[in-house]
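Protein chains in written order, with the UniProt record's numbering: chain H, 1 to 226; chain U, 1 to 226. Just so you know, even glycine gets a beta-carbon here, dropped at the ideal spot from N, CA and C. First comes the structure, then the notes that go with it.
2 protein chains.
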Amino acid sequence: MSKCEQCIVREFSSLKALNKEELLKVASCKTSYTIKKGEPLFEEGEVINGVYCVKDGFCKLSKLSTNGKDQIVKLVKAGELLGQRSMVSDEPANLSAIALEDMEVCFIPKSEILNFFNKNNQFSLGMMKSICGDLKESDLHVVSMAQKTVKNRLAETLIYLQESFGKNADNTLRIQLSREELAGMIGTATESCIRILSEFNKSGLIELVGKKIAIKDLNKLKKVAE
Amino acid sequence: MSKCEQCIVREFSSLKALNKEELLKVASCKTSYTIKKGEPLFEEGEVINGVYCVKDGFCKLSKLSTNGKDQIVKLVKAGELLGQRSMVSDEPANLSAIALEDMEVCFIPKSEILNFFNKNNQFSLGMMKSICGDLKESDLHVVSMAQKTVKNRLAETLIYLQESFGKNADNTLRIQLSREELAGMIGTATESCIRILSEFNKSGLIELVGKKIAIKDLNKLKKVAE
DNA sequence: TTAAAAATATGATTTTTGTCATAAATTTGC
DNA sequence: GCAAATTTATGACAAAAATCATATTTTTAA
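Structure representation (structure tokens):
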């Protein structure tokens, strides 16, 4: 059982409002997991009963649409909490969480979190702020999906991926999604996604290095994103 | 100054967790307004500094997209609170709120709400649940926008309007949106919206009574919505 | 190592949706 | 009550995007 005091999740999430004593309680009740790339942390409809702390790795939150395609609603990285909404609403998961690379996570049971809600107002306020941030993002996402073209959205998404997940030494995006996953983020057919990537490549906005993608002209790409 | 005890907002929102004493405090600090149809309650980017209680009427929450079109993100009816996200995040409004019919609202200053956060855990938890409900809706909205056709979304929206806002004696939708607003909800061009309405009309799914809309075959419409 | 499977890529075609033009109906302001 | 303005409606066309087919490359697994 490791301590939670130095954990990256404590640094970036609402857990930062917990004091030493509370952190010890968390450390004593948490369970740690390793999730392999491609494996689910939880799936849509599953009862979660707590929150997951992402210590390392990325995952996608997605929902299966009635047309059979997977829509990626959000990407989550180290330092963030997962499952807050389900826990607060007392509902099964609305989205599936699938690891995009090997992950290290900790699970904190609901009972413990609810306990902190009652004793530590800064903690509840922090979690409320985090959920509010998600809501704002999601509303913006709706507007983008509704009003922008696939080309706009692909450009927007590539910029988001670079800004949120960084790049490798060779300038390619740190987070590597398959073309199908990328299409699932922007809400389009895989072929359309590939076609526009190829077009961006030809016009020098990006460079395709095998399956990897490097942004070549950020300013022009921003213009394409509108 | 009217009392808040019997107010519809108290019945349906997180205010239900407030006790008599707290309600008296709210009653003494609130301000009441009448908003005429078409007028804004607040606009995108405005600093709000509190929450609005909708006592009567409907309003739309919308955002101006980069393409110049207004995307309606959510409709709000009597009994609901407005501006919770901005208040919790301590940010200007992300969306504009425009009355769809004459409204009666009360404004409760932020300081008062934050005070309740510190003293009444059921109240904070209630508000957190309400925001979580919005987040779930918004995520579902993203999936619908990304994966469904305009036809699917129009059918879906008509059903939503009837189920959430009811119908008049003549079976037409209680809430009356212009074709432009309806297009703004489903994220399409006004002409496309009109065209599909006309198509639904011809195939007997709905009936167009002047500008008003009546759902004729709910089951078939549900199938079109997928 | 190599065959099979999966992912990426691209062309051809169809469907969906947006845009522009214009007409008809309705609402507004005097 | 009537002209002007706005909203609704519809046609013609263009643009965007999906689908289907197929080729090429990469990955996987025996």
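Check, Outcome
"Proximity winner among SER111/U, GLY184/U, ASN171/U, GLY187/U, relative to ASP217/U (alpha-carbon distances)", "ASN171/U"
"Bridge partner(s) assigned by DSSP for PHE107/H", "THR31/H, TYR52/H"
"For ILE175/U, the nearest candidate out of GLY187/U, LYS110/U, VAL76/U, ASP70/U (CA to CA)", "VAL76/U"
"Identity of the residue in GLN71/U, LEU140/U, GLU104/U, LEU177/U nearest GLU44/U by Cα", "GLN71/U"
"Where THR149/U falls: helix, strand or coil (DSSP)", "coil"
"Per DSSP, cross-strand counterpart(s) of CYS4/U", "For CYS4/U, which the question treats as bridged, DSSP gives no partner whatsoever."
"Of the listed residues ASN49/U, VAL105/U, LEU197/U, ARG153/U, nearest to ALA27/U (C-alpha basis)", "VAL105/U"
"Contact list for THR66/H against chain U, beta-carbon separation under 7 Å", "GLU226"
"Cβ pair SER138/U, ASP90/H closer than 7 Å", "no"
"Chain H within 7 Å of ASP139/U, Cβ atoms only", "yes"
"Among GLU11/H, ILE206/H, GLY68/H, LEU205/H, nearest to VAL54/H - alpha-carbon criterion", "GLU11/H"
"Rounded separation between ILE215/H and GLU181/H - CA only", "18 Å"
"Cβ-Cβ distance between LEU82/U and ALA97/U below 7 Å", "yes"
"Contact list for LYS63/U against chain H, beta-carbon separation under 8 Å", "ASP139, LEU140, VAL143"
"Contact set between MET128/U and chain H, taken where Cβ atoms lie within less than 8 Å", "VAL88, SER124, MET127, MET128, ILE131"
"7 Å Cβ cut-off: residues of chain U touching residue 229/H", "Nothing about residue 229/H can be reported from this structure: the residues present for chain H run from 1 to 226 only."
"Where GLY187/U meets chain H, residues with beta-carbon distance less than 9 Å", "VAL142, VAL143, MET145, ALA146, GLN147"
"Exposed unless 16 or more other CB atoms sit within 10 angstroms - verdict on VAL47/U", "exposed"
"Contact set between the UniProt domain \"Cyclic nucleotide-binding\" (14-110) of chain H and chain U, restricted to residues whose Cβ is under 7 Å from the partner", "LYS63, SER65, THR66, ASN67, LYS69, GLN71, VAL73, ARG85, VAL88, SER89, ASN94, LEU95"
"Residue-chain proximity (LYS136/H, chain U), Cβ-Cβ < 7 Å", "yes"
"Same chain, Cβ closer than 6 Å to SER65/U, neighbours up to 5 away in sequence not counted", "GLN71"
"DSSP-derived helix/strand/coil call for VAL26/H", "helix"
"Reduced DSSP category for LEU154/U - H, G, I as helix; E, B as strand; rest coil", "helix"
"Element boundaries [beta strand (DSSP E), containing GLN84/H]", "No beta strand (DSSP E) holds GLN84/H; the alpha helix (DSSP H) holding it covers 84-89."
"Per DSSP, cross-strand counterpart(s) of CYS132/U", "Partner(s): none; CYS132/U has no beta bridge."
"Nearest candidate by alpha-carbon position, reference MET127/U, set VAL88/U, GLU226/U, THR34/U", "VAL88/U"
"The segment 49-63 of chain U contacting the segment 118-125 of chain U, beta-carbon criterion three pairs below 8 Å", "no"
"Three-state secondary structure (DSSP) of ASP139/H", "helix"
"Sub-7 Å separation of LYS30/U and ILE131/U beta-carbons", "no"
"Own chain partners of ILE206/U with C-beta closer than 6 Å, once the 5 adjacent residues on each side are dropped", "PHE200, ILE213, ILE215, LYS216"
"GLU177/U - partner residues in DSSP beta bridges", "Position check: residue 177/U holds Leu in this sequence, whereas Glu was assumed. In the DSSP output, where bridge partners are listed per residue, LEU177/U has none listed."
"Spatial distance of PHE42/U from HIS141/H (CA atoms)", "21 Å"
"Option nearest residue 250/U by Cα separation, candidates GLY38/U, ALA189/U, ILE159/U, PHE116/U", "There is no way to answer for residue 250/U, as the model of chain U reaches only from 1 to 226."
"Per-residue burial, GLY184/U [other beta carbons within 10 Å of its own, 16 or more giving buried]", "buried"
"Own chain residues within Cβ distance below 6 Å of LEU197/U, not counting five before or after", "none"
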